[in-house]
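First the structure, in the form of structure tokens, and then the observations on it.
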């Protein structure tokens with residue numbers, strides 16, 4: 007059956023991040039025929055070989071040997087497969103579609119989409135999120151919109167029509183991980199259970215950090231002192247750490263005068279699964295209007311747009 | 007000679023932190039006769055034995071077997087030698103002097119000073135800094151003062167006369183260490199040389215983070231993107247990371263309405279060595295008036311006051 011399915015595939019779309027690999031087989035109508043997910047991100051692939059990993063997944067789906075492949079994400083970084091460069095801010099998103107790097111391969115047509123760079127006093131970079139934006143944007147909206155894309159390095163992006171006019175990365179996910187594993191708080195959060203966006207300690211931390219982001223690293227320390235003095239449990243400790251980092255991020259993402267003054271449209275939250283739940287709860291607690299767009303669907307739609315542009319009318 | 011010196015010692019004063027041990031032999035007039043420093047902090051001592059480590063240092067200085075010992079710091083924590091409890095905020099500093107825990111020892115009189123705890127909505131704890139405050143305060147000042155005590159977990163303390171009315175810990179030093187060693191920025195700061203407070207990247211980061219503390223984790227990310235896009239070197243990367251964390255801390259330490267409105271006295275900076283240099287440069291860059299008090303001298307003076315109270319008129 008896989009064989010029959012794969013024969014109708016028009017291209018493979020790959021979101022290749024630092025620590026994750028996702029591949030979809032997609033037909034000419036844009037339907038997903040099959041998919042693969044693994045932890046073989048750029049870090050793994052830089053050692054094992056990008057081509058080896060890609061071909062093993064394509065073979066597992068019995069994909070034709072000449073099926074073209076469109077890729078976004080860290081595979082296009084300097085330390086990735088082939089450097090795909092950056093489109094500079096102000097960055098018209100359609101330019102991303104036409105600026106893919108070509109991977110030299112004897113059989114397949116393989117392309118990697120570029121990232122977006124912001125040069126100047128607030129240097130910043132993204133790889134992969136530009137493709138999510140391509141899939142998430144509503145071409146009928148011509149005004150200014152603010153996108154929040156949570157993750158290891160959350161991105162807050164200003165879009166004016168089809169143009170990225172500015173963005174900022176926040177180290178929220180990585181700091182949560184670092185502090186949980188390596189800091190004095192590791193004992194406080196050990197054995198924490200998964201909490202959801204309704205956890206009262208999470209919501210209180212969201213509000214406290216949003217209102218006083220300057221106190222963020224102090225509020226993080228109260229995870230430890232709350233355990234010592236108030237018997238804060240491990241799950242509450244993790245919820246307070248997460249809420250503090252997310253609340254401070256939202257304050258930072260909204261800090262720009264541009265956002266506060268002209269934001270009349272809801273924030274566009276591009277997220278999936280648990281992150282979507284936590285950020286939705288945070289925005290609701292802060293009375294910030296928002297719409298959620300599924301991150302998986304967004305990146306797949308963005309890759310499909312790129313495939314159409316790059317490989318022609320498949 | 008050591009023997010002659012040690013014979014005139016009235017007591018030993020010990021500052022026993024999480025990762026450091028410092029001991030001074032002090033005579034009846036408060037003069038330092040000799041000293042020892044090592045990395046045998048609470049973490050090491052919890053395994054090797056507190057008594058073993060203390061006695062080895064006293065023996066190295068040929069201290070009399072009945073010399074009394076006054077201790078401050080993490081040796082009094084629950085996971086330390088003997089739990090010395092906390093004096094609660096609002097905490098009159100003289101109460102610290104009279105609340106030492108007794109270590110059961112067959113020969114010596116050994117006491118450990120308590121810490122200070124802030125209970126309620128902003129739980130916080132200190133151990134060791136209360137003794138620095140004892141040594142740093144000016145008993146002739148009756149008004150409100152703000153103390154900044156930089157370190158692994160920097161403390162900002164409000165003192166009204168002799169009473170600690172509130173304080174906040176910021177994870178500045180620990181975050182610098184964590185991010186430098188374990189985050190995506192580890193490559194950017196690798197091989198950084200020691201920079202001083204005059205480094206222009208440090209000063210620019212101080213100002214940026216102080217003005218927009220909500221953007222702190224974004225500014226930290228620009229260490230990485232600055233390396234990618236602007237060729238920021240390793241020393242500049244470390245300077246930007248340090249300046250961002252310290253600038254955000256100062257914004258947080260000053261954030262309380264109390265500080266902004268009523269702070270007419272200079273900030274009292276209790277610090278030594280490189281930390282004193284960096285924070286002095288930061289305060290100067292932000293036009294914040296300050297006086298520096300040497301942290302080593304402050305803790306020694308505080309321990310001497312405690313020895314006089316606890317051991318009597320030695």
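Chains as they are written, first to last, in the working numbering: chain A, 7 to 320; chain B, 7 to 320. Every residue, glycine too, gets a C-beta built ideally from N, C-alpha and C.
Say whether chain A places a C-beta atom closer than 7 Å to the C-beta of residue i.
{"i": "residue 134 (chain B)", "result": "no"}
{"i": "residue 89 (chain B)", "result": "no"}
{"i": "residue 207 (chain B)", "result": "no"}
{"i": "residue 250 (chain B)", "result": "no"}
{"i": "residue 144 (chain B)", "result": "no"}
{"i": "residue 245 (chain B)", "result": "no"}
{"i": "residue 103 (chain B)", "result": "no"}
Where do the ends of the beta strand (DSSP E) carrying residue i lie?
{"i": "residue 89 (chain B)", "result": "No beta strand (DSSP E) contains residue 89 (chain B), which DSSP labels as neither H nor E."}
{"i": "residue 151 (chain B)", "result": "150 to 155"}
{"i": "residue 33 (chain A)", "result": "27 to 33"}
{"i": "residue 41 (chain A)", "result": "38 to 44"}
{"i": "residue 298 (chain A)", "result": "296 to 299"}
{"i": "residue 163 (chain A)", "result": "160 to 166"}
{"i": "residue 75 (chain B)", "result": "75 to 79"}
Is the shortest distance between the beta-carbon of residue i and the beta-carbons of chain B less than 7 Å?
{"i": "residue 297 (chain A)", "result": "no"}
{"i": "residue 80 (chain A)", "result": "no"}
{"i": "residue 231 (chain A)", "result": "yes"}
{"i": "residue 48 (chain A)", "result": "no"}
{"i": "residue 177 (chain A)", "result": "yes"}
{"i": "residue 174 (chain A)", "result": "yes"}
{"i": "residue 241 (chain A)", "result": "no"}
Chain A partners of residue i, CB-CB under 7 Å?
{"i": "residue 190 (chain B)", "result": "180"}
{"i": "residue 218 (chain B)", "result": "261"}
If the cut is a Cβ gap below 7 Å, which residues of chain B does residue i touch?
{"i": "residue 255 (chain A)", "result": "223"}
{"i": "residue 287 (chain A)", "result": "Simply none; closest approach about 20 Å."}
{"i": "residue 129 (chain A)", "result": "228, 231, 232, 235, 236"}
So with CB distances below 8 Å, who are the chain A contacts of residue i?
{"i": "residue 125 (chain B)", "result": "235, 236"}
{"i": "residue 258 (chain B)", "result": "218, 220, 221, 222, 223, 224"}
Can you list the residues of chain B that residue i reaches, using a CB-CB cut of under 8 Å?
{"i": "residue 184 (chain A)", "result": "184, 185, 188, 189"}
{"i": "residue 14 (chain A)", "result": "Chain B residues near residue 14 (chain A): none, gap ~40 Å exceeds 8 Å."}
{"i": "residue 317 (chain A)", "result": "Those do not exist, as residue 317 (chain A) stays about 30 Å from chain B at its closest Cβ, beyond 8 Å."}
Measure the beta-carbon distance from residue i to residue j and round it to whole angstroms, keeping in mind my assumption that it falls under 8 Å.
{"i": "residue 284 (chain A)", "j": "residue 248 (chain A)", "result": "7 Å"}
{"i": "residue 221 (chain B)", "j": "residue 261 (chain A)", "result": "6 Å"}
{"i": "residue 111 (chain A)", "j": "residue 317 (chain A)", "result": "Contact doesn't hold; Cβ gap of about 14 Å is too wide."}
{"i": "residue 138 (chain A)", "j": "residue 304 (chain A)", "result": "4 Å"}
{"i": "residue 94 (chain B)", "j": "residue 69 (chain B)", "result": "About 35 Å; that fails the 8 Å criterion."}
{"i": "residue 78 (chain B)", "j": "residue 119 (chain B)", "result": "4 Å"}
{"i": "residue 219 (chain B)", "j": "residue 271 (chain B)", "result": "Not really, about 23 Å apart at Cβ, beyond 8 Å."}
{"i": "residue 306 (chain B)", "j": "residue 30 (chain B)", "result": "6 Å"}
{"i": "residue 309 (chain A)", "j": "residue 76 (chain A)", "result": "5 Å"}
{"i": "residue 92 (chain B)", "j": "residue 45 (chain B)", "result": "About 26 Å separates the two Cβ atoms, so there is no contact after all."}
Starting from residue i, trace the alpha helix (DSSP H) in both directions and tell me its first and last residue.
{"i": "residue 118 (chain B)", "result": "Note, residue 118 (chain B): premise wrong, no alpha helix (DSSP H); beta strand (DSSP E) at 116 to 118."}
{"i": "residue 210 (chain B)", "result": "206 to 217"}
{"i": "residue 178 (chain B)", "result": "178 to 188"}
{"i": "residue 21 (chain A)", "result": "Note, residue 21 (chain A): premise wrong, no alpha helix (DSSP H); beta strand (DSSP E) at 15 to 22."}
{"i": "residue 277 (chain B)", "result": "Residue 277 (chain B) -> not in any alpha helix (DSSP H); beta strand (DSSP E) instead, spanning 273 to 277."}
{"i": "residue 66 (chain B)", "result": "56 to 66"}
{"i": "residue 292 (chain B)", "result": "No alpha helix (DSSP H) holds residue 292 (chain B); DSSP gives it neither H nor E."}
{"i": "residue 95 (chain A)", "result": "No alpha helix (DSSP H) contains residue 95 (chain A), which DSSP labels as neither H nor E."}
{"i": "residue 228 (chain B)", "result": "222 to 236"}
{"i": "residue 195 (chain B)", "result": "192 to 195"}
{"i": "residue 199 (chain B)", "result": "Segment: none, residue 199 (chain B) is in no alpha helix (DSSP H) and carries neither H nor E."}
{"i": "residue 246 (chain B)", "result": "240 to 259"}
Tell me whether residue i counts as near the ligand ADP, meaning its Cβ is closer than 6 Å to at least one heavy atom of that ligand.
{"i": "residue 255 (chain A)", "result": "This structure lacks the ligand ADP, and indeed carries no ligand of any kind."}
Can you tell me which residues form a DSSP beta bridge with residue i?
{"i": "residue 132 (chain B)", "result": "B:122"}
{"i": "residue 107 (chain B)", "result": "B:118"}
{"i": "residue 175 (chain A)", "result": "A:161"}
{"i": "residue 170 (chain B)", "result": "B:97, B:165"}
Chain B partners of residue i, CB-CB under 9 Å?
{"i": "residue 63 (chain A)", "result": "Per Cβ cutoff of 9 Å: no residues; residue 63 (chain A) is ~26 Å from chain B at best."}
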